[in-house]
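K.L.:
Residue numbers (UniProt numbering), protein chains in the order written: chain A, 1 to 121; chain B, 1 to 121. Here a beta-carbon is modelled for each residue, glycine too, at the ideal position from N, C-alpha and C. Nothing here was measured: the structure is a model prediction, and the numbers come from that model. Mind looking over this structure? Questions follow.
Number of protein chains: 2
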Amino acid sequence: MTFDPASLKYDANGLIPCIAQQEGTGEVLMMAWMNAEAVAKTLDTKRVTYWSRSRQAFWIKGDTSGHIQDLIDLRVDCDRDCLLAIVDQTGAACHTNRRVCFYTSVISGDEVELMSPMSDT
Amino acid sequence: MTFDPASLKYDANGLIPCIAQQEGTGEVLMMAWMNAEAVAKTLDTKRVTYWSRSRQAFWIKGDTSGHIQDLIDLRVDCDRDCLLAIVDQTGAACHTNRRVCFYTSVISGDEVELMSPMSDT
């Protein structure tokens, strides 16, 4: 069956969450949002492209930082309301310059920082 | 710093997305939603508890199916608006009885099913 981005289930703002995971290591890098056009652009260009809710604009990941996400595979979940992008992430996925956005653990009852920002070397 | 579920950023419906990842293998199992009370219950019980948007009720994962998620770690992202639960998943995470919900690949332009439902043995 041919895939049509319009067949996905978007929220009231026309957005669908997309989880980015590093191929090979399996690291969950980040979660951001796409609209139907961002899904199509991501598939067309193989450069992961989100919709920035704060800027209300397309966000071609890494276009300013150089921290691009090359698309390896794009997967749809059973309810068609969430995406999983398998990617090859250059450098830090997080705007704090950490490899991943999920660097704070809370299971102990306290907030524990699991990793530091990457060096710029 | 002591973690307070109220310090997270919830959407207009009082919900935050939570990605579940299998410890060890790194499989991204599913994504579902929590409210502040579900976050607290998850941390208190170490059994991952979502908020079912369709049923408008707490959803203790596996309570009816037996496919429970034991919590290993709970992580907060940089923007405090997404969670990552590192879990030990018993059996299938997906209601279709597949191990993960993200079993459909669309990168080829066609929809390709990557895995079958698990056997009940």
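1) Rounded to whole angstroms, how far is the Cβ of P17(B) from the Cβ of M31(A), which I believe are closer than 8 angstroms?
2) Within 10 Å of its beta-carbon, does R80(A) have 16 or more other beta-carbons around it, so buried, or fewer, so exposed?
3) Classify N35(B): buried if its beta carbon has 16 or more other beta carbons within 10 angstroms, exposed otherwise.
4) When the Cα of I19(B) is compared with those of T90(B), L84(B) and I68(B), which residue comes out closest?
5) Which residues does DSSP pair with L71(B) in a beta bridge?
6) Compare the beta carbon distance of E111(A) and T2(B) with 9 angstroms and say whether it is the shorter of the two.
7) Got a sec: is the Cβ-Cβ distance from G109(B) to anything in chain A below 9 angstroms?
8) Per the DSSP calculation, C78(B) is bridged to which residue(s)?
9) Got a sec: which bits of the stretch 40 to 72 of chain A sit with their beta carbon under 9 angstroms from any beta carbon on chain B, in order along the chain?
10) From the DSSP secondary-structure annotation, give me the bridge partner or partners of I19(B).
11) Can you pull the chain B residues whose beta carbon is under 7 angstroms from the beta carbon of W29(A), in chain order?
12) When you compare only the Cα positions, how much space is there between residue 122(A) and D77(B)?
13) Going along chain B in order, which residues have a C-beta closer than 8 angstroms to the C-beta of R99(A)?
14) Return the chain-ordered list of same chain residues with a C-beta closer than 7 angstroms to the C-beta of A12(A), the five sequence neighbours on each side being excluded.
15) Report yes if the C-beta distance between L29(B) and Q69(B) is below 9 angstroms; otherwise report no.
16) Would you say S116(B) faces chain A, with C-beta separation under 9 angstroms as the test?
17) Which two residues bound the contiguous alpha helix (DSSP H) that contains A38(A)?
18) In chain B, which residues lie less than 9 angstroms from D77(A) when you measure between Cβ atoms?
19) Can you tell which of S119(B), V39(B) and H67(B) has the C-alpha that lies nearest to the C-alpha of Q22(B)?
P.N.:
Taking the geometry as given:
1) Start at 1 with the first residue of the second sequence, and residue 17(B) comes out as number 17. Start at 1 with the first residue of the first sequence, and residue 31(A) comes out as number 31. Correct: roughly 7 angstroms between the Cβ atoms.
2) Along the first sequence, read from residue 1 onward, the residue named residue 80(A) stands at position 80. Classification for R80(A): exposed.
3) To locate residue 35(B), count along the second sequence from 1; it is residue 35. Buried, by the Cβ-count rule.
4) Numbered from 1 along the second sequence, position 19 holds the residue referred to as residue 19(B). If we check each option's Cα against that of I19(B), L84(B) comes out closest.
5) Here residue 71(B) refers to the residue found at position 71 of the second sequence. V87(B), per the DSSP bridge assignment.
6) Counting from 1 along the first sequence, the entry for residue 111(A) is found at position 111. Counting from 1 along the second sequence, the entry for residue 2(B) is found at position 2. Taking 9 angstroms as the cut-off, the beta carbon of E111(A) is found closer than this to the beta carbon of T2(B).
7) In the second sequence, residue 109(B) corresponds to position 109, counting from 1. For G109(B), the answer is yes, since a Cβ of chain A falls inside 9 angstroms of its Cβ.
8) Your numbering for residue 78(B) matches position 78 in the second sequence. Paired residues: none, contrary to the question.
9) Look at the stretch 40 to 72 of chain A: the residues with a C-beta under 9 angstroms from a C-beta of chain B are L43, K46, L71 and I72.
10) Locating residue 19(B) in the second sequence gives position 19, counting from the first residue. In DSSP, I19(B) forms a bridge with M31(B) and L84(B).
11) Position 29 of the first sequence, counted from the first residue, corresponds to residue 29(A). For the record, residue 29(A) in the displayed sequence is Leu; it is not Trp. By Cβ distance, chain B contributes nothing, its closest Cβ being about 10 angstroms from L29(A), past 7 angstroms.
12) Examination of residue 122(A) is not possible in this model, given that chain A is present from 1 through 121 alone.
13) Locating residue 99(A) in the first sequence gives position 99, counting from the first residue. Simply none; closest approach about 12 angstroms.
14) Numbered from 1 along the first sequence, position 12 holds the residue referred to as residue 12(A). By the criterion of a C-beta distance shorter than 7 angstroms, A12(A) is surrounded by no residue of its chain, once the five residues flanking it on both sides are discounted.
15) Within the second sequence, the letter at position 29 stands for residue 29(B). Within the second sequence, the letter at position 69 stands for residue 69(B). For L29(B) and Q69(B), yes; Cβs fall inside 9 angstroms.
16) By one-based count along the second sequence, residue 116(B) stands at place 116. Closer than 9 angstroms: no.
17) Residue numbering aside, residue 38(A) sits at position 38 when the first sequence is read from its first letter. First-last of the alpha helix (DSSP H) with A38(A): A36 to T45.
18) Stepping through the first sequence from its first residue, residue 77(A) is reached at position 77. Correct list: M30, M31, C94, V100, C101, F102, Y103 and T104.
19) Taking the first residue of the second sequence as 1, we reach residue 22(B) at position 22. Closest option to Q22(B), Cα to Cα, is H67(B).
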